[in-house]
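K.L.:
Could you have a look at this structure, given as structure tokens, before my questions?
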Amino acid sequence: MENSKRDQLLDDAIKQIEKQYGKGSIMRLGDRAHVEVDAISSGSLA
Numbered sequence: 406m407e408n409s410k411r412d413q414l415l416d417d418a419i420k421q422i423e424k425q426y427g428k429g430s431i432m433r434l435g436d437r438a439h440v441e442v443d444a445i446s447s448g449s450l451a
């Protein structure tokens, strides 16, 4: 299978999974995603 067809099939599969489970539910190995995480500082390390 040629790489461009393989990449297209992989992109289609990722889009389908993201549509069903939400963005960020799956990603390619090596991709870096910036994720916003809400946090409340308690001042405690433990």
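Everything in the sequence shown is counted per my numbering, starting at 406 for the first residue and increasing by one. Glycine residues also receive a C-beta, built at the ideal position from the N, C-alpha and C atoms. Note that the structure is a prediction, hence the values are computed from the model and not measured.
1. In whole angstroms, give me the CA-to-CA distance for G427 and S409.
2. Less than 8 Å between the beta carbons of A438 and G429, yes or no?
3. Which whole-angstrom value is the C-beta distance of I431 and E441, which I expect to be below 8 Å?
4. Counting only beta-carbon atoms, is G429 nearer than 8 Å to chain B?
5. For the alpha helix (DSSP H) holding A444, just list the boundary residues, first then last.
P.N.:
With the structure as the only source:
1. 25 Å
2. yes
3. Not confirmed; about 19 Å, so no contact.
4. Here chain B cannot be found, since the structure has a single protein chain.
5. No alpha helix (DSSP H) contains A444, which DSSP labels as neither H nor E.
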